[in-house]
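Trainee: Residue numbers (UniProt numbering), protein chains in the order written: chain S, 1 to 205; chain D, 1 to 205.
Ideal placement from N, C-alpha and C gives every residue a C-beta, glycine not left out.
Number of protein chains: 2
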Amino acid sequence: MPKGQPAAVPDDGLTTRQRRNRPLVVVHTGTGKGKSTAAFGLALRAWNQGWPIGVFQFVKSAKWRVGEERALRVLGASGEGGTVAWHKMGEGWSWIQRPAKDAEPDNPDNAEKARQGWEQVKRDLAAQTYRLYVLDEFAYPMHWGWVDTDEVVEVLRQRPGGQHVVVTGRNAPAPLVESADLVTEMGKVKHPMDAGQKGQRGIEW
Amino acid sequence: MPKGQPAAVPDDGLTTRQRRNRPLVVVHTGTGKGKSTAAFGLALRAWNQGWPIGVFQFVKSAKWRVGEERALRVLGASGEGGTVAWHKMGEGWSWIQRPAKDAEPDNPDNAEKARQGWEQVKRDLAAQTYRLYVLDEFAYPMHWGWVDTDEVVEVLRQRPGGQHVVVTGRNAPAPLVESADLVTEMGKVKHPMDAGQKGQRGIEW
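1) Taking all protein chains shown into account, decide if Glu154 (chain D) is buried (16 or more other Cβ within 10 angstroms of its Cβ) or exposed.
2) Could you confirm whether any beta carbon from chain S is found closer than 9 Å to the beta carbon of His28 (chain D)?
3) Using a Cβ-Cβ cut-off of 6 Å (strictly less than) and excluding sequence neighbours within five positions of His87 (chain S), which residues of its own chain qualify?
4) Identify every run of the alpha helix (DSSP H) within the stretch 34-82 of chain D, keeping only runs that are complete inside it and at least 4 residues long; order them along the chain.
5) Return the chain-ordered list of same chain residues with a C-beta closer than 6 Å to the C-beta of Asp12 (chain D), the five sequence neighbours on each side being excluded.
6) List the residues of chain D that Thr15 (chain S) touches, going by C-beta distances under 9 Å, in chain order.
7) Among the candidates D:Val189, D:Ser179, D:Tyr133 and D:Glu137, whose CA atom is the shortest distance from the CA of Trp64 (chain D)?
8) For the alpha helix (DSSP H) containing Met186 (chain S), list its first residue and its last residue.
9) Let's test the definition: count the other Cβ atoms within 10 Å of the Cβ of Asp181 (chain S) and tell me whether it reaches 16, buried, or not, exposed.
10) Between Lys88 (chain D) and chain S, is the shortest Cβ-Cβ distance under 9 Å, so that the two count as touching?
11) Thinking C-alpha only, which one of S:Trp146, S:Asn110, S:Ala46 and S:His28 is nearest Gly162 (chain S)?
12) Please work out which residues of its chain come closer than 7 Å, Cβ to Cβ, to Asn48 (chain S), disregarding the five sequence neighbours upstream and downstream, and give them in chain order.
13) Asp109 (chain D) lies in the alpha helix (DSSP H); which residues open and close that run?
14) Would you mind stating whether Val121 (chain S) and Leu135 (chain S) have Cβ atoms separated by less than 9 Å?
15) So, is the C-beta of Glu185 (chain D) closer than 9 Å to a C-beta in chain S?
16) Between which two residues does the alpha helix (DSSP H) containing Leu132 (chain D) stretch?
17) Give the DSSP-derived three-state secondary structure of Thr16 (chain D) in the structure shown.
18) Which of helix, strand or coil does DSSP assign to Ala172 (chain D)?
19) Could you give the DSSP three-state label for Val84 (chain S): helix, strand or coil?
20) Give the C-beta separation of Val152 (chain S) and Ala114 (chain S) to the nearest angstrom, bearing in mind that I take them to be a contact with Cβ-Cβ under 8 Å.
21) With 16 as the cutoff for other CB atoms within 10 Å, does Pro160 (chain S) come out buried or exposed?
22) Looking at C-beta atoms only, is the number of pairs between the stretch 13-31 of chain D and the stretch 66-83 of chain D that lie closer than 8 Å three or more?
23) Give me the Cα-Cα distance between Phe58 (chain S) and Gly202 (chain D), rounded to the nearest whole angstrom.
24) Please tell me whether Gln120 (chain D) has its Cβ less than 9 Å away from any Cβ of chain S.
25) From which residue to which residue does the beta strand (DSSP E) around Val25 (chain D) run?
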């Protein structure tokens, strides 16, 4: 991506360096592909900086993220960059069981698992356990009302230190988008499934 | 990402398996962040499949992609997944020297370097050197007319074997988008630079 001059310099009392290193809340939302892959791409940069990385996977199925998980585990164990901790919440969740794209999965345990995952994230933020948090698919539990969006916004606003947080998922709630620093909407222009092609290894997982 | 049933099953004479494993041309375009990071996230999946990966970096500056490059080199050398070959074309190119966002850099050598890079990609496609090609920022030389878009479309259409190709960059030309299998438009909703914050390490590079 190009670098250049910011469009406006705010009157916030910060030096350019302080402003530059202000930790970010990043949101990848929209109906297109690339929300999570871009988050894991960011994790490569964080790894290269030697940052501890925490991945919290809020939606799980047998195949998804296996490539990302294995790659990040190999990187974390290499000793050449940051560490990687990979948390899977809600083992056994599956989009496949969903009745429809935006409907809640019908497993009543999922709401509780999502809340437990968020409680873990809160503890880690308070303890400054990681420098980059990838909250993968975390937009969904907020969208479904399982985790309170206003609380998430407030916790992120008050998080200590230099912790960057990336949230992915469709339907990112408006208060989260409003409070985030960097928001990208991945829009679907074209998808192979529209042409009758199912997902394949190496591409979808 | 959710998996499910395709919207339509085409009458193309292929079995589901054949259609499923049909290699893809993927385009990440738009003005938002995440185009390249999502491409490198895809590379993690390809690596996990043991696929040889070829990265062709069509725009270069001192800091960009250093994290991705180092991570992918460590992964490629780990022996636990696919190999990684990283090609930098146009060493010394820099967005910073650009007069404006969509204008051509004023270095006349760049067009020739881009063409040389594309010739290398063509040779590798013909030889089936890689299974995944990341043509990073390759949309620009097409947009600027340095590389002929129609030729690119034709070469991609006729590429042999099971080679997947990802092209990133703003202003992806319409013929490329039309011929691609999977296209995502990364739209900018909000960027820290709008609030006076410059790029920072671990996030932008």
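Mentor: Based on what the coordinates show:
1) exposed
2) yes
3) Phe56
4) 35-48 and 66-77
5) none
6) Simply none; closest approach about 11 Å.
7) D:Glu137
8) Unbroken run through Met186 (chain S) is the beta strand (DSSP E), Leu182 to Lys190; no alpha helix (DSSP H).
9) buried
10) no
11) S:Ala46
12) Gly81
13) Asp109 to Ala127
14) yes
15) yes
16) Note, Leu132 (chain D): premise wrong, no alpha helix (DSSP H); beta strand (DSSP E) at Leu132 to Asp136.
17) helix
18) coil
19) strand
20) Not really, about 11 Å apart at Cβ, beyond 8 Å.
21) exposed
22) no
23) 23 Å
24) no
25) Val25 to Thr29
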